[in-house]
Each structure stands twice: as C-alpha cells, then as structure tokens.
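For reference, each letter of the sequence shown is one residue, going 9 to 519 in the numbering used here.
Written out below as structure tokens is the structure these notes cover.
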Amino acid sequence: MNKTQKKFSKRMLVVLSRGWGVQLGHPLLRVLKSKYPDSQYVGLVHGEGTFDFLKKQSDIEYKELHLLDALWNDALDPKNVPSISIDKIEKELGIKSIWEIIGTVRSLVYDMRTYPLFRYRKTVSDEVMINLVKIFFVHIKNVFHEYNPDVIFTHSFVTMYHILLYHYAKKHGVYMFGIGDTKVKGYHFEHDIPEYLLPKRVEKCYQKNLNDITSSNNYQKAIDYINKNRQQLDIPDYASEKNKHLDKEYKQAIKKIFLLPLYFSKYLYRWIVKVDARNKFKHLDNIGPFIKSKTIIWEYQAIAFFRKITFHQISKSDKFIYFPLQYEPEAHTLVQAPYFTNQLELVRMVAKSLPGEYSLYVKEHPAMLGKRKPGYYKKIMSLPNVTFIDYKYTSADVLPKCTAVVTATGTSSFEAAILKKPSIVFGNDLIIDLPQIYHITDFTALSALFQEISSIDYTEKTYDNALMAYITAVMDCGIELDYTKLHAGDKEEFLKWAEYIEYIITYNLSQ
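What follows is the structure in structure tokens.
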C-alpha cells in the first residue's frame with residue numbers, strides 16, 4: 009500500500025450487523041475515533057441485541073443509531089408504506105428491475121425456518137416485498153438527506169438494504185465498501201461492487217501489471233505462490249480432510265432425535281414468550297416447536313441418506329468436466345449469479361451440452377454434506393450424462409484430472425487457472441477477466457464453447473501472464489490477513505485490518 013495524504017471521513021455511515029458489529033465494527037470505530045476525533049459515525053444496525061449494546065456503550069458517541077430490523081416490521085402494515093412508485097425508485101437508483109435485488113434476500117424467497125434444509129418457497133406476499141423496498145428506499149434517502157455521508161463501510165453486500173444503499177450511494181458519488189476475500193489464500197482487499205467484481209483500485213493495478221508484469225514488487229512472490237500451488241493446491245480450510253465431519257454430524261443428528269422432546273419444549277417456550285415474533289417474517293429467529301421438530305427429523309433423514317450413496321471413484325481414463333456444487337442459499341449465488349441459483353438446472357443444461365465423449369462430474373460442497381433433501385441427490389444421480397463423485401475428493405484430487413470446470417461462482421475456477429485448466433463461469437466473479445475464464449449467460453452457446461475449449465492450449469504464456477497479473481495485483485493492493493485470528497480477537501490482526509480500512513477511506517476521499 010502506498011501512503012496518501014491523510015483526508016479522513018467527516019461523516020461516515022457504518023453497517024453494524026449482529027456479532028460482527030459488536031466484535032469488529034464497533035472496535036474499529038473506536039480506533040478511528042481516537043485518530044480522527046472530529047469524525048462522526050451513524051450506525052445502521054442489524055440485530056436488537058447489537059442495537060442495545062451500542063446504545064448502552066460509552067466508548068463512542070454515535071451521531072445516530074438506526075435499528076434496521078424495525079423497518080421489516082413496518083412493511084407488514086400498509087399504513088407505514090410511503091406513497092412512492094417502484095418505477096420512480098428504479099429510476100432514482102439507476103437499476104433495471106427491483107426484483108433482481110429482492111431475489112437476493114434468502115429470508116424472502118426461501119423458507120429458512122427449516123435451514124439447512126431450506127425450501128424454495130416465498131415467505132411473504134409480493135406486496136409485502138414491494139413494501140419493504142419502498143420503506144428501505146425512503147429510509148436510505150432520509151439518512152442521506154440528514155447526514156450527508158462522505159463514505160460508507162459495510163461488512164458485506166448480502167441484504168437488500170445493503171444493495172439498495174450501494175446503488176443510492178453510487179448515484180450520489182459516495183464510496184461504499186467492505187473487506188473480503190481475493191481467492192489468493194491469506195489475502196483480502198476492499199469490495200466495492202455487490203456483484204463481486206474487481207474493485208476499481210485493484211482493476212487499475214491488474215491492467216498495469218498485465219502490461220508489465222515484472223514491474224510488480226511481488227513478482228517473485230507470485231511466482232512462488234503459483235509454483236507451490238501447482239505442486240500441491242493449498243485448498244480452503246473448509247475443504248480440508250480435518251473439517252469433513254460427516255460421521256460426527258450423523259451422531260449429532262441421532263442425538264437430536266433422542267433430545268426431540270427437549271427441543272420441542274424449548275421452542276414451545278420461546279414461541280409462547282416471543283408473542284411479537286409470530287405471524288411476521290419466516291426466518292431463523294421465528295421458528296415454532298413443530299417446525300423445529302420436523303427440521304430435526306428431516307436433517308437426520310438427509311444425513312442418513314447421504315451416507316448410503318455409492319459415489320463414483322475417478323479413474324485415470326475418465327474424460328470429464330467438473331461441476332462443484334455451491335453452498336446455498338448464500339450471497340455467492342444470490343448476489344453474484346442471481347439468474348443461475350437453480351444448480352440442478354445448471355447441471356442438466358451443462359450435461360446435455362457436452363461433447364459425446366465427456367461426462368459431467370458433480371461433487372457436493374464440503375459445507376453442505378448431507379444438508380440437502382434426499383430428493384435433491386436423487387435428481388442429480390438420475391440426470392443423463394451426470395456422475396456424482398465422492399464428496400471426500402478435494403480440488404487437488406479432481407482438478408488435475410478434469411478437462412475444464414463449470415460453476416456458477418466459487419474458488420474452483422481460480423484453482424483451475426493455477427493448474428492451467430479453463431473454466432466456464434455463469435455468475436459474476438473477481439477473475440472473469442482472465443482469458444482462461446469464460447463468462448457465459450447463454451445456455452445455447454455452451455456446446456460451441458466446449459468445442460472451442462478442447463482445441464486451445466492453456467499452457468501458453470498468455471494465460472500465465474494474466475494469472476500472474478491478477479495475483480500480483482492482489483499482493484500489491486491487498487492485505488495479508490488471517491481472518492480466523494481476526495474473528496478470534498487477535499489484536500495484531502485487528503490493528504492491521506483497521507489500518508487497511510483507514511487507508512482505503514483516505515485513498516478514496518483523496519481521489
């Protein structure tokens with residue numbers, strides 16, 4: 009990071025969500041306030057517990073705190089809904105359709121009460137969804153009018169309010185960002201676009217390095233990173249063998265069955281006490297005793313079924329395209345790939361587009377083992393030209409043997425690029441500008457694209473140069489950070505994180 013002339017925020021909006029707001033967001037503002045006493049902070053808060061904590065604390069005097077949860081309840085009463093047209097909102101935000109943004113809210117478009125075995129079923133009427141949009145929009149507009157923020161910091165872009173806030177801020181020239189992963193393990197940088205595209209500052213660095221890769225101070229470090237991963241892929245922590253606890257989860261599911269009367273009593277008590285939570289939004293905080301009991305039984309059945317599946321074992325002679333299933337429902341699909349959230353349909357369409365000698369090999373996401381209904385897996389295994397491979401395989405096992413990767417989003421396409429393999433990506437992603445990554449939205453173009461891919465030599469220098477340009481840009485512009493330690497309260501990691509956020513703010517306000 010290059011030092012810039014200090015010009016810090018005078019009026020900052022900060023999204024403070026639940027545990028993150030207490031453990032990281034508020035302490036961050038405490039550090040910034042000690043350096044810039046004149047700066048003012050307005051908190052946009054998710055979670056009543058977080059809101060109560062922030063109201064009672066005496067570390068920082070917030071200009072104002074807004075409990076966003078209260079806005080949801082307002083949408084249920086037509087008297088609370090402002091008289092503004094959706095057409096006007098879309099025009100003011102510069103968006104084509106509000107429904108794409110509504111579709112990113114999993115608690116609206118999925119019944120999350122049975123999570124992780126969620127159901128594809130909307131939880132409120134279309135009218136209530138539209139009411140939410142109107143209430144959120146007017147609230148955002150009022151916040152801007154009252155406080156005139158010069159920067160917005162958020163932990164992520166995962167809710168409708170965040171995304172509406174982003175579009176409104178963009179229209180009014182206010183920079184909004186969060187800190188997120190880069191796909192290069194151990195590195196993070198700012199995210200300033202909900203669709204998970206390269207941030208503007210890093211994009212400039214990528215283009216510069218693409219023209220002269222050796223100019224980067226991290227040139228050799230990037231070479232070492234690639235060489236190390238080509239010898240042995242450094243897979244994400246969630247995918248490592250030590251984190252595959254299917255047998256442990258099975259035992260836990262059995263234990264829950266035996267404890268079912270206790271769970272029923274606990275949730276019945278909560279249901280009686282939390283009268284205000286009834287007949288509102290169907291989310292994880294609004295679960296009755298019968299729903300909870302059904303979920304425990306369904307979860308046991310799902311894990312029991314998954315353990316009995318006979319998975320295909322990959323052999324050297326297999327010719328296949330690799331399709332790793334995504335964790336869902338999460339922002340990686342809902343926000344990055346809003347038109348490709350139905351992974352079953354993706355699998356079906358890809359499988360029917362392959363050249364005759366190829367099969368589509370599908371693998372479950374490590375964090376979703378046994379967490380889908382049996383019918384989901386039965387459908388996958390019944391699709392033509394689709395093979396369900398062993399969940400114990402890691403990217404390091406599969407990628408060297410496949411011809412290409414197809415995915416909505418995710419890390420596998422980046423890992424494939426390191427191993428000189430092409431990928432087809434349906435959603436938005438940080439790396440879709442790499443020449444070995446094919447960003448496609450038209451299913452009818454798949455067959456021709458597979459033919460094209462099979463005739464290209466991805467060992468040519470052009471592809472490695474682009475990969476090097478991306479990795480060096482990440483190392484040049486990002487921060488090396490251990491997020492596990494950060495969330496565990498490590499002081500050194502926290503101060504590094506806070507200093508980086510301070511830098512991003514001063515950089516953008518100085519432009």
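Glycine included, C-beta positions come from ideal geometry on N, C-alpha and C.
If you're wondering where the values come from, they're calculated on a predicted model, not measured in any experiment.
Assess contact between the segment 132–139 and the segment 83–91, defined as three or more Cβ pairs (one per stretch) separated by less than 8 Å. Is contact present? Taking 8 Å as the limit for Cβ pairs, the verdict is that the segment 83–91 does touch the segment 132–139.
Give me the Cβ distance between Val22 and Phe161, rounded to the nearest whole Å; I'm assuming they're in contact under 8 Å. 5 Å
On a Cα-Cα basis, can you pick out the residue from Phe319, Lys71, His373 that is closest to His340? His373
Test: Ala424 CB closer than 7 Å to a CB of chain C: The chain labelled as chain C is not found in the depicted structure, where only one protein chain is given.
Since Ser196 contacts Pro207 with CB under 8 Å, what's their CB separation in whole angstroms? Note that residue 196 is His in the sequence shown here, rather than Ser. Not quite, the Cβ-Cβ distance comes to about 11 Å (not below 8 Å), so this is no contact.
Just checking my contact of Ala312 with Lys381 at CB under 8 Å: how many whole Å lie between their CB atoms? With a Cβ gap of about 12 Å, Ala312 and Lys381 do not count as contacting.
In chain order, each alpha helix (DSSP H) run of at least 4 residues that lies wholly inside the segment 110–138: Correct list: 114–117.
Own chain partners of Met389 with C-beta closer than 6 Å, once the 5 adjacent residues on each side are dropped: Around Met389: Phe396.
Give me the Cβ distance between Thr8 and Val433, rounded to the nearest whole Å; I'm assuming they're in contact under 8 Å. Residue 8 cannot be examined here, being either before or after the span of the chain that is shown, 9 to 519.
Helix or strand or just coil, what does DSSP make of Pro374? Pro374: helix per DSSP, three-state reduction.
Can we count Glu468 as close to the ligand SAH, meaning its CB is less than 6 Å from some heavy atom? The ligand SAH is absent from the structure shown, which contains no ligands of any kind.
Compute the Euclidean distance between the alpha carbons of Lys250 and Ile143, then round it to the nearest angstrom. Bear in mind that the predicted position of Lys250 carries a pLDDT of just 44, short of 50, making it too unreliable to give a figure here.
Assuming Thr470 contacts Ser224 (C-beta within less than 8 Å), just tell me the rounded distance between them. So it is not a contact: roughly 18 Å between Cβ atoms.
Please classify Ile305 as buried or exposed, where buried requires at least 16 other C-beta atoms within 10 Å of its C-beta. By the 10 Å Cβ count, Ile305 comes out exposed.
Taking the beta strand (DSSP E) that Ile445 belongs to, which residues open and close that run? For Ile445, the enclosing beta strand (DSSP E) stretches over residues 445–447.
The segment 422–431 / the segment 395–409 touching (three or more Cβ pairs under 8 Å): yes
For Ile513 and Gln519, I'd like the C-alpha separation in whole angstroms. 10 Å
Report the rounded CA-to-CA distance for Arg238 versus Gly194, giving the unit in angstroms. 17 Å
Below 7 Å between beta carbons: does that hold for Leu52 and Leu37? no
How about Ile68 and Lys41: do their beta carbons lie closer than 7 Å? yes
Complete runs of the alpha helix (DSSP H) confined to the segment 391–420 [at least 4 residues]: 403–406
Excluding the 5 residues flanking Tyr330 on each side, which residues of the same chain have their C-beta closer than 6 Å to its C-beta? Once the five neighbours on either side are set aside, the close Cβ partners of Tyr330 are Tyr369, Val406, Cys410, Val413.
Can you name the start and end residues of the alpha helix (DSSP H) that Asp82 belongs to? 77–82
On the three-state DSSP scale, how would you describe Ser25? strand
Where does the unbroken alpha helix (DSSP H) through Gln240 begin, and where does it stop? Taken as a continuous stretch (DSSP letters only), Gln240 belongs to no alpha helix (DSSP H), as it is neither H nor E.
Between the C-alpha atoms of Lys499 and Trp505, what's the straight-line distance to the nearest angstrom? 10 Å
With a cut-off of 8 Å on the beta carbons, I'd call Leu524 and Lys149 a contact; round off their distance for me. The structure shown does not extend to residue 524, since the chain spans only 9 to 519, so no value can be given for it.
Runs of 4 residues minimum, wholly inside the segment 436–513: which ones carry the alpha helix (DSSP H) assignment? 454–461, 469–485, 491–495
By how many angstroms is the C-alpha of Leu32 removed from the C-alpha of Ser47? 18 Å
Tell me whether the beta-carbon of Pro443 lies closer than 7 Å to the beta-carbon of Ala474. yes
Sorted by chain position, which residues of the same chain lie with C-beta nearer than 8 Å to Ala345's C-beta, five sequence neighbours on each side aside? Ala416, Thr417, Phe434, Gly435, Asn436.
Helix or strand or just coil, what does DSSP make of Pro332? strand
Find out if the Cβ-Cβ distance for the pair Ile109, Ile171 is shorter than 7 Å. yes
To which residues does DSSP link His196 through a beta bridge? Asp189, Ile487
What separation, rounded to the nearest whole angstrom, lies between the Cα atoms of Leu267 and Asp189? Their backbone Cα atoms lie some 39 Å apart in a straight line.
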